[in-house]
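S.K.: Can you keep this structure in mind? I'll have questions shortly.
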Amino acid sequence: MCAGIFTNCRNCPIAKSLILFQRRCCANRFLFPLLPHIRERQKAEAAVIKKSQELETALEELKQAQLQMIQSKKTSALGNLVSGIGHEMNNPLGLISASIEQAKPTIANIIEHLQLYQESLTNKSNEIIDYAEEIDLDYSLEDLPKIIDSMTIAWDRLKNISTSLSTFSRADKDYQVSFNIHEGIDSTLLILKHRLKANQHRPGIEVITNYGDLPKIYCFPGQLNQVFMNIIANAIDALDESNTGLSFAEIEVNPNRIKITTSMENQGVKISLADNGQGMNQEVKAKIFDHLFTTKDVGKGTGLGLAIARQIIEHKHGGNLYVTSTPREGTELTIVLPLESTISITSLKCHYFK
Ligand SMILES: Nc1ncnc2c1ncn2[C@@H]1O[C@H](COP(=O)(O)OP(=O)(O)O)[C@@H](O)[C@H]1O
Ligand SMILES: [Mg+2]
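For the sequence shown, the numbering used here gives the first residue as 458, with consecutive numbering after it.
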């Protein structure tokens with residue numbers, strides 16, 4: 458079998474090949490029976506990986522569906538309440554407005570008539586003179602038109618509140634409608650006014666709006682207002698948190714501030730909402746859009762605000778929502794929205810509830 462070319466068998470290539478062959482045969486004798494088991498195990502592993510991927514997708518879809526349900530339930534409950542108040546305010550407001558308009562010329566006529574009497578009545582009785590002094594007639598005649606003007610201003614303010622309530626609580630249709638983003642932001646600020654005002658712990662929060670020249674955009678206005686609400690409410694929480702340990706006077710020196718800027722960006726609009734609150738570290742920043750993530754106390758935070766905001770902006774409007782933040786300096790949330798999104802609510806419904 459061996460030609461005997463090499464004197465030392467160890468260096469002979471034929472002997473080497475034979476040894477290798479022998480070793481493989483030996484290994485295969487043990488491996489061959491195991492092969493079907495290995496293949497089955499690999500198949501089972503692949504099936505488990507596929508299943509867990511499917512479960513992950515299902516879980517994500519479930520979370521999104523839950524967010525959508527909470528959001529629409531919350532929006533519709535709040536929307537019903539707010540639009541109900543706005544609606545109830547409208548009738549008495551109309552009545553007040555009509556009455557003021559009617560009273561103005563009537564009062565002017567009565568004043569003029571009284572003045573004519575005063576001029577033509579040369580011999581006034583003591584009773585008339587005393588009574589005029591008692592009621593301070595001159596002052597009252599001067600003051601009455603001012604009282605009417607104040608009533609008109611107050612009515613005007615109430616009318617604005619009523620309009621803002623209706624803007625804020627606009628019930629969304631299942632198609633997008635043209636909407637003035639600035640009206641949405643203003644109406645949200647009005648709803649949050651009680652939280653922005655000064656209180657015994659801090660001066661009022663300065664809100665600076667720097668609005669660009671924006672066209673109306675096609676969107677779901679009620680949902681966008683919900684996003685503004687969630688982001689501004691978070692900014693107020695962050696500012697309140699940053700005030701911990703500071704006196705009223707110290708906060709006055711470096712006032713709490715929320716700056717809202719809008720501008721055109723490529724084929725869409727950009728809305729930036731920045732606060733000079735406590736900011737956040739990298740770890741928190743990475744999780745803020747996660748479902749149920751909150752750093753707030755139980756009962757104060759739900760961890761749903763920004764998850765819902767992202768769903769509305771990105772899934773329902775095809776836009777973008779991102780954050781930049783520096784600890785102890787502040788946070789900026791930026792929304793970029795297309796002028797007209799191509800996402801239709803019907804396709805979303807199919808996606809979430811398939
Ligand atoms: N403007 C902000 N400044 C600092 N942290 C913020 C700000 N906005 C959001 N966060 C952080 O993101 C978390 C998640 O916010 P959100 O989803 O609205 O839930 P929640 O407000 O209920 O906690 C907050 O708990 C907070 O830690
Ligand atoms: Mg929140």
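C-beta atoms are modelled at their ideal positions from N, C-alpha and C, and glycine is treated no differently.
#1: On the DSSP bridge list, what partners appear for ILE568?
#2: Assuming LEU730 contacts ILE715 under a Cβ cut-off of 8 Å, what Cβ separation, rounded to an integer in Å, is found between them?
#3: Between the alpha carbons of ILE610 and GLN724, how many angstroms are there, rounded?
#4: Would LEU696 pass as a contact of ASP732 if the rule is Cβ separation under 9 Å?
#5: Distance cutoff 9 Å, beta carbons only. Does GLY543 sit that close to anything in chain C?
#6: Can you tell me whether LEU778 is buried or exposed, with buried defined as 16 or more other CB within 10 angstroms of its CB?
#7: DSSP state of ALA731, grouped into three classes?
#8: Taking 9 Å as the threshold (C-beta atoms), are PRO660 and ASN713 in contact?
#9: Measure the CB-CB distance between ILE568 and LEU598 and report whether it falls below 9 Å.
#10: Report yes or no: do the region 641-661 and the region 567-581 share at least 3 C-beta pairs separated by less than 8 Å?
#11: Per DSSP, which one or two residues make a beta bridge with LYS716?
#12: Do MET546 and LEU615 have their C-beta atoms closer together than 9 Å?
#13: Taking its Cβ as the centre, do 16 or more other Cβ atoms sit within 10 Å of ILE638, making it buried, or is it exposed?
#14: Can you list every residue whose CB sits closer than 6 Å to some heavy atom of ligand 2, going in chain order?
#15: Since ILE674 sits in a beta bridge, which residues does DSSP pair it with?
#16: Give me, in chain order, the residues of the same chain whose beta-carbon lies closer than 6 Å to that of GLU640; leave out the 5 immediate sequence neighbours on both sides.
#17: By DSSP, does THR857 sit in helix, in strand, or in coil?
#18: By how many angstroms is the C-alpha of THR579 removed from the C-alpha of ASP595?
#19: Alpha carbon to alpha carbon, how far is GLN525 from GLY762? Give it in angstroms, no decimals.
#20: For ILE745, verify whether its CB is less than 8 Å away from any heavy atom of ligand 1.
#21: Between VAL755 and ligand 1, is the CB less than 8 Å from at least one heavy atom?
#22: Take ASN700 and list the residues in its own chain whose beta-carbon comes closer than 8 Å to its own, dropping the five residues that flank it on each side.
#23: Taking DSSP's pairing of strands, which residues face TYR779 in a bridge?
#24: Find out if the Cβ-Cβ distance for the pair GLY736, GLY702 is shorter than 9 Å.
#25: Cα-Cα, which of ALA589, SER782, LYS757 and LEU749 is closest to ILE527?
#26: May I have the straight-line CA-CA distance separating ILE674 from ILE506, to the nearest angstrom?
M.R.: The relevant details are as follows:
#1: Numbered from 1 along the sequence shown, position 111 holds the residue referred to as residue 568. In DSSP, ILE568 forms no bridge with anything.
#2: Taking the sequence shown and counting its residues from 1, one reaches residue 730 at position 273. Taking the sequence shown and counting its residues from 1, one reaches residue 715 at position 258. With 8 Å as the limit, LEU730 and ILE715 qualify as a contact, their Cβ atoms being about 7 Å apart.
#3: Numbered from its first residue, the sequence shown carries residue 610 at position 153. Numbered from its first residue, the sequence shown carries residue 724 at position 267. Using only the alpha carbons, I get a separation of about 40 Å.
#4: Locating residue 696 in the sequence shown gives position 239, where the first residue counts as 1. Locating residue 732 in the sequence shown gives position 275, where the first residue counts as 1. Yes, the Cβ-Cβ distance between LEU696 and ASP732 is below 9 Å.
#5: Any reference to chain C falls outside this structure, which holds one protein chain only.
#6: For this step, residue 778 is matched to residue 321 along the sequence shown. When all chains shown are included, LEU778 counts as buried.
#7: Sequence index remark: in the sequence shown, residue 731 carries index 274 (1-based). ALA731 falls in the strand class under three-state DSSP.
#8: As a working note, residue 713 is residue 256 in the sequence shown. As a working note, residue 660 is residue 203 in the sequence shown. Result yes, Cβ atoms of ASN713 and PRO660 sit closer than 9 Å.
#9: Along the sequence shown, read from residue 1 onward, the residue named residue 568 stands at position 111. Along the sequence shown, read from residue 1 onward, the residue named residue 598 stands at position 141. Contact flag set, yes.
#10: no
#11: For the purposes of this step, residue 716 is taken as residue 259 along the sequence shown, with counting starting at 1. ILE665 and ALA731, per the DSSP bridge assignment.
#12: Stepping through the sequence shown from its first residue, residue 546 is reached at position 89. Stepping through the sequence shown from its first residue, residue 615 is reached at position 158. Closer than 9 Å, so yes.
#13: The residue labelled residue 638 in the question sits at position 181 within the sequence shown. Classification of ILE638: buried, given that the 10 Å Cβ count is 16 or more.
#14: ASN687, ALA690, ASN691 and GLY762
#15: Position 217 of the sequence shown holds residue 674. Answer is PHE636, bridged to ILE674.
#16: On the sequence shown, position 183 is the one that residue 640 refers to. If we look at GLU640 and ignore the five residues flanking it on each side, its Cβ neighbours are THR624.
#17: An answer regarding residue 857 cannot be provided, because it is not within the stretch 458 to 811 covered by the chain.
#18: For this step, residue 595 is matched to residue 138 along the sequence shown. For this step, residue 579 is matched to residue 122 along the sequence shown. ASP595 and THR579: Cα-Cα distance of roughly 17 Å.
#19: For this step, residue 762 is matched to residue 305 along the sequence shown. For this step, residue 525 is matched to residue 68 along the sequence shown. So the alpha carbons of these two residues sit roughly 12 Å apart.
#20: Position 288 of the sequence shown, counted from the start, is the residue given in the question as residue 745. Correct: ILE745 has its Cβ closer than 8 Å to ligand 1.
#21: To locate residue 755, count along the sequence shown from 1; it is residue 298. Because no heavy atom of ligand 1 lies under 8 Å away, the Cβ of VAL755 does not count as near it: no.
#22: As a working note, residue 700 is residue 243 in the sequence shown. The residues are HIS658, ARG659, ILE708 and ASN713.
#23: Within the sequence shown, the letter at position 322 stands for residue 779. Bridge partners of TYR779: THR791.
#24: Position 279 of the sequence shown, counting from 1, holds the residue named residue 736. Position 245 of the sequence shown, counting from 1, holds the residue named residue 702. Against a cut-off of 9 Å, the Cβ pair of GLY702 and GLY736 comes out as no contact.
#25: Locating residue 527 in the sequence shown gives position 70, counting from the first residue. The candidate whose alpha carbon is nearest that of ILE527 is LEU749.
#26: By one-based count along the sequence shown, residue 674 stands at place 217. By one-based count along the sequence shown, residue 506 stands at place 49. Their backbone Cα atoms lie some 43 Å apart in a straight line.
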